[in-house]
Structures are given as C-alpha cells and as structure tokens.
C-alpha cells in the first residue's frame with residue numbers, strides 16, 4: 017500500500033509562482049513514475065507532468081516552459097515548480113505514483129490563480 021501527501025497549494029496572483037510537493041510512503045519499488053494531474057471544476061483530470069525514476073520527463077503542452085517537475089528518489093518525493101501562473105491553471109492538483117501497473121493517488125491540493 018502506498019500513501020501520498022501533497023502540499024504547497026494556495027492562492028496566488030497571475031504571473032506568480034508556487035511549488036508543490038508530494039511525499040510518498042509505504043511499499044515503493046525502485047522503478048516507478050510519479051506525476052502531477054489537475055482537475056478544474058466540471059472538467060476531467062488531466063496529466064500536467066510526469067517523471068520516471070530514471071529522470072525522464074514529459075509535460076502537457078499548456079505548461080511547457082512554465083512548469084518543472086523534479087524528484088528526490090532518496091526521499092520518495094516529487095515536486096512541481098509552477099512559474100508564470102495563469103488563471104487557467106486554477107485546479108485541484110493531484111499527485112500519482114504508478115508502479116507495476118498500479119496507480120496510487122494523493123488527496124489533492126487546491127491551486128487558485130486570481131487577481
């Protein structure tokens with residue numbers, strides 16, 4: 017069983033930055049992918065960014081050049097640095113750990129971008 021705890025959400029103005037963190041604990045294998053998804057009200061949950069245990073990354077087109085995903089394997093923690101935030105980035109952000117065909121989710125953290 018895997019537990020994921022996100023932190024770092026909040027209310028910011030357009031153009032500002034936030035850094036999300038997600039700490040994983042439990043039965044974690046060496047090879048896995050950690051990712052951030054987001055879900056705005058009335059919309060589906062979409063992938064924002066993902067990173068493998070080897071460090072390979074991929075991003076949604078809408079966040080390329082603004083968001084950076086990174087991880088600390090020793091701490092089983094993934095980060096999402098979000099710069100130049102826009103109102104359309106407003107959503108609940110969820111952390112996922114995917115390993116051996118199974119995905120585990122965190123509880124989500126709210127990010128609101130508004131003036």
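Residue numbers (this note's numbering): 17 to 131.
Just so it is clear, CB atoms sit at the ideal spot from N, CA and C, and this is done for glycine as well.
Neighbourhood of residue i by C-beta, 6 Å cutoff - its chain only, sequence neighbours within 5 removed
| i | result |
| --- | --- |
| residue 92 | 40, 44 |
| residue 61 | 53, 55 |
Closest by C-alpha distance to residue i, when choosing among the options
| i | options | result |
| --- | --- | --- |
| residue 106 | 85, 33, 113 | 33 |
| residue 18 | 114, 81, 74 | 114 |
| residue 102 | 73, 29, 69 | 29 |
| residue 129 | 70, 69, 100 | 100 |
| residue 72 | 81, 98, 85, 78 | 85 |
| residue 82 | 64, 88, 58, 47 | 64 |
| residue 80 | 88, 66, 89, 27 | 66 |
N- and C-terminal bounds of the beta strand (DSSP E) containing residue i
| i | result |
| --- | --- |
| residue 85 | 83-88 |
| residue 63 | 62-68 |
| residue 112 | 107-115 |
| residue 124 | No beta strand (DSSP E) contains residue 124, which DSSP labels as neither H nor E. |
For residue j and residue i, believed in contact at Cβ under 8 Å, the rounded distance
| i | j | result |
| --- | --- | --- |
| residue 112 | residue 25 | Not a contact, Cβ separation roughly 16 Å. |
| residue 35 | residue 97 | 5 Å |
Residue i, DSSP secondary structure in three states
| i | result |
| --- | --- |
| residue 23 | strand |
| residue 37 | strand |
| residue 78 | helix |
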